[in-house]
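Numbering-wise (this note's numbering), the sequence shown opens with residue 38 and increments by one. Virtual Cβ for every residue (Gly too), placed ideally from N, Cα, C. Structure record follows, encoded as structure tokens.
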Amino acid sequence: MLKEECDKILSEQGKELKIITIGKDSKENGFKRGQGAGGDPEKGRKAAEDSLDEIKEALKDANMVFLTAGLGGGTGTGATPVIAKALKEMDILTVAVLITPFAFEGERILKAKEALLDIQGYVDSYMVVSNEKLKNIARKDLTFTDVMKMADNVLYRAIKGIVEVISYPGYINLDFADVESVLRDGGYALIGLGSATGENRIKDALEKSVQNKLLTLNNIKGAERILVNVYGGPDIRMEEVTYVGEHIKNLTGRTDAVVYFGVIVDPKSTGKVEVTLIATGFSNNYSAEEIMDIPKDFDISKGPLAAFASRHSEPMVGDESIFELLLEDEEK
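Right, dumping it as structure tokens:
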């Protein structure tokens, strides 16, 4: 989905999506370019290093880069820290959007944790989607492909939410400088997206955006910097806009929290309001285990499922909209 969206945006600008296949064929380590790293992070790291000059050349004029990766395997685990380090040296604003493994994937969890610790040291901000958490909170009638689509759409909508804030002019406008102020050296980031209709739509949309149950840490309490954007049609009321502005800072529990506020009115939209929220600079010093939603005493020798037994979450009930949002095909 990200590729299709990129294709669309670039075609409107008269440009083409550039794909770089990393690595070089090597008989020594059995690596064959374009065929993956076989679950070996070292091969992924070497592949990124072999192609680093090409990657840096392609990104040299970028103001902001999103790194998306599944951690625990070979390519994402090994290559992402290498690329993140290069982007830090180039002083490019970098946001990582990462997926961590299921409990039953065992050793991949440990590899993912090591990679996350490396990536944290290089990127400005990062968010984590846990496949294990998605599995546990998903409705029991959903298929495997449905849940995988949800994971992809969490990434897609998080990135899209940031890009839209920058790209669409608003009555109260937010620009790249505002986004950079929130994300630069922001650490763990919470991206919230909420939409609603009906009499209490703005309250409902705000509540959904600040409680993103699909991210491993899903509460804006303690955030130092917040960017919030309200999107609606010509029917959006003044009291709805001010409701968000008046409540968002209180939800952080910090008197020193800085809030960047924007409003977009779309003449073609009616009945529905959306709230996009980006929160960073959390006062809590979250550990890798908390971020990945794994027990601190995780012991792979006990078996991965036993180690996660105490972390089972109940399926989400009473909030079907989040599933509808993440399972629908993006049309906007």
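Asked, Found
"In whole angstroms, what separates the C-alpha of Ile156 from that of Tyr205?", "30 Å"
"Just to confirm the assignment, what range does the beta strand (DSSP E) spanning Ala133 have?", "Leu130 to Thr137"
"So which of Asp161, Ile120 and Gly231 has the shortest CA-CA distance to Val132?", "Asp161"
"Within 10 Å of its beta-carbon, does Thr313 have 16 or more other beta-carbons around it, so buried, or fewer, so exposed?", "buried"
"What residue ranges within the region 187–254 form continuous beta strand (DSSP E) runs of no fewer than 3 residues, ordered along the chain?", "227–234"
"Leaving out five residues before and five after Ile273 in sequence, what residues of the same chain have Cβ atoms less than 7 Å from its Cβ?", "Val302 and Val310"
"Pull up the distance between the alpha-carbon of Thr182 and that of Gly109, whole angstroms please.", "20 Å"
"Rank Gly269, Gly299 and Ile285 by C-alpha distance to the C-alpha of Asp293 and give the top, closest one.", "Ile285"
"In whole angstroms, give me the CA-to-CA distance for Glu217 and Arg194.", "18 Å"
"As a quick exercise: from Ala242, Lys240, Ala140 and Val267, pick the residue whose alpha carbon is nearest that of Ile199.", "Val267"
"For the structure I just gave you, are there three or more beta carbon pairs, one from the region 123–137 and one from the region 217–233, closer than 8 Å?", "yes"
"To the nearest angstrom, how far is it from the Cα of Glu142 to the Cα of Gly115?", "17 Å"
"Which first and last residues belong to the alpha helix (DSSP H) in which Arg82 is found?", "Pro78 to Asp87"
"Can you tell me whether Leu104 is buried or exposed? The criterion is at least 16 other CB atoms within 10 Å of its CB, across all chains shown.", "buried"
"Are there 16 or more other CB atoms within 10 angstroms of the CB of Asp215, so buried, or fewer, so exposed?", "buried"
"Out of Gly111, Asn100 and Asp98, which has the shortest C-alpha to C-alpha gap to Gly60?", "Gly111"
"My guess is that Ala242 and Thr317 are in contact by the Cβ rule of under 8 Å, so how many angstroms apart are they, rounded?", "Ala242 to Thr317, Cβ: 21 Å. No contact."
"Which residue's Cα is closest to the Cα of Ile328: Met101, Ile129 and Ile146?", "Ile146"
"If I measure Cβ to Cβ from Gly107 and keep anything under 7 Å in the same chain, skipping five residues before and after, which residues do I get?", "Gly113 and Ile136"
"Look at the alpha carbon of Asp90 and the alpha carbon of Pro271, and state the distance between them as a whole number of angstroms.", "48 Å"
"Does DSSP classify Met185 as helix, strand or coil?", "helix"
"Under the rule that 16 or more other beta-carbon atoms within 10 Å means buried, what is Thr289, buried or exposed?", "buried"
"First and last residue of the beta strand (DSSP E) that includes Ala106?", "Met101 to Gly107"
"Using the three-state DSSP reduction, which class does Lys55 fall into: helix, strand or coil?", "coil"
"Using CA atoms only, rank isn't needed, just tell me which of Gly76, Gly224 and Ala95 is closest to Ser324.", "Gly224"
"Based on DSSP bridge pairs, tell me the residues matched to Val310.", "Ala233"
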